[in-house]
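**Student:**
And the structure:
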């Protein structure tokens, strides 16, 4: 690819987007002081959530999101300490955390660290208690076959409780494996390739994808993925969940 001639892998359409590292633009946020961030999904493109990378230098500290917004983060590189109330958790690569809306917390990095962060306004469910903070380690979890297919393994990172208004999963495709059909639904997705690659169908376009690529899929965007290569393809994927389409 010849960036000096204006070439890019980035694509933006009404119902989907593909953002590769070649088009990343760093910016700053008040609640991530001294920490360069790269927004890859935002409401300006039509999404109802944000997804961004945070490049934390040694000694940096991140603050909570806007009032009413919940946060999920996944450690890509390095180690961070998450403090929630009186508890401090050390999270290395593939550690993750969900922080409910209006939960006071701090994310600190002793050395350099890189995170992917998802934030959205929380949608309460009448009669249900708000979710509790949740901390986990993706590496320590047991994957299960998706719809009985051992070539496509699934890890659900958040509890399956009605209090949660979203899902975040890791999907792991063996070489040659694919989604069983073209999905078309009201939920939207934010997706980050953790390793490997293949071909992703979005609407009527087919894109080669690889580690580090981010995809936004809007409601009712036809979507399908097939893994290509000698190694597994794995991605982190968000979707809105457990809420009526009228409000979700």
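Numbering (my numbering), first residue to last: 639 to 886.
Beta carbons: idealized from backbone N, C-alpha and C, even for Gly.
Treat the numbers as computed from the prediction; the structure is a model and nothing was measured.
1. At a cut of 8 Å, does the region 716-727 reach the region 744-763 through at least three beta carbon pairs?
2. Quickly, what does DSSP pair residue 707 with across the bridge? List them, please.
3. Go ahead and pull the three-state DSSP assignment for residue 661.
4. Which residues in the same chain have their Cβ closer than 8 Å to the Cβ of residue 767, if we skip the five residues on either side of it in sequence?
5. Would you mind stating whether residue 884 and residue 855 have Cβ atoms separated by less than 8 Å?
6. Closer than 8 Å is the cut-off here; do at least three beta carbon pairs connect the region 663-675 with the region 694-703?
7. Check the DSSP bridge columns for residue 861 and list the partner residues they point to.
8. The beta strand (DSSP E) spanning residue 872 covers which residue range?
9. Would you say the region 698-707 touches the region 652-669, given that touching needs at least three Cβ pairs under 8 Å?
10. If you drop the 5 nearest sequence neighbours on each side, which residues of the same chain put their C-beta closer than 8 Å to that of residue 771?
11. Output needed for residue 759: all residues of its chain with C-beta closer than 6 Å, excluding positions within five of it in sequence on either side, in chain order.
12. Does the beta-carbon distance from residue 809 to residue 792 come in below 8 Å?
13. Take residue 851 as the anchor and find which of 803, 835 and 780 has the nearest alpha-carbon.
14. Which residue's Cα is closest to the Cα of residue 869: 815, 839 and 659?
**Tutor:** Answer, in terms of the structure:
1. yes
2. 759
3. DSSP places residue 661 in helix when its eight states are reduced to three.
4. 801
5. The criterion of a C-beta distance shorter than 8 Å is not satisfied by residue 884 and residue 855.
6. yes
7. 821 and 840
8. 871-878
9. yes
10. 722, 735, 736, 737, 738, 741 and 743
11. 706 and 707
12. yes
13. 835
14. 815
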